[in-house]
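Scroll down for the structure; my scribbles are underneath it.
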Amino acid sequence: TEYYYLPSFSPLELQQEFLQLGAAAICNDNPIPSAEDLADQIVEVLNYFGLGAVMCMGVTAGAYILTLFAMKYRERVVGLILVSPVCKAPSWTEWFYNK
Numbered sequence: 262t263e264y265y266y267l268p269s270f271s272p273l274e275l276q277q278e279f280l281q282l283g284a285a286a287i288c289n290d291n292p293i294p295s296a297e298d299l300a301d302q303i304v305e306v307l308n309y310f311g312l313g314a315v316m317c318m319g320v321t322a323g324a325y326i327l328t329l330f331a332m333k334y335r336e337r338v339v340g341l342i343l344v345s346p347v348c349k350a351p352s353w354t355e356w357f358y359n360k
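First residue of the sequence shown? That's 262 in the working numbering, and the numbers climb one at a time after it.
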């Protein structure tokens with residue numbers, strides 16, 4: 262097996278504090294950001310690190326947030342890898358299956 266190092270590639274993982282295992286309870290004084298707020302935060306992180314257009318990968322809620330980010334900031338996205346990006350209420354069959 263061969264491995265290649267690409268100096269132009271560096272993985273960056275974004276996680277919200279309230280999603281971490283063992284996170285403190287959410288208080289009403291500090292509201293949970295919306296998906297749109299989280300998409301806007303991605304731009305802030307990219308700007309902080311001086312990154313231009315990026316390749317993004319997201320799973321479930323992260324995929325949904327990256328989709329919003331890509332729609333709003335097209336010039337900052339080279340491509341998307343999305344795993345289960347659906348963000349909707351389950352159908353009655355899905356709900357029943359998970360019971």
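Just so it is clear, CB atoms sit at the ideal spot from N, CA and C, and this is done for glycine as well.
When the beta-carbon positions are compared, VAL315 and LEU307 come within less than 8 Å of each other. Comparing C-alpha distances from ILE326 to each of THR354, TYR309 and PRO294 shows the shortest one belongs to PRO294.
ILE293 carries a coil assignment under DSSP once its states are collapsed to helix, strand and coil. For LEU341, the secondary structure class from DSSP, reduced to helix, strand or coil, is strand. CA-to-CA, the gap between ASP290 and LEU299 works out to about 18 Å. Straight-line measurement puts the Cα of LEU312 at about 14 Å from the Cα of GLU274. Nearest Cα to SER345 within the set ALA286, SER352, THR354 and ALA322: ALA322. GLY319: member of the beta strand (DSSP E) spanning 315-320, first to last residue.
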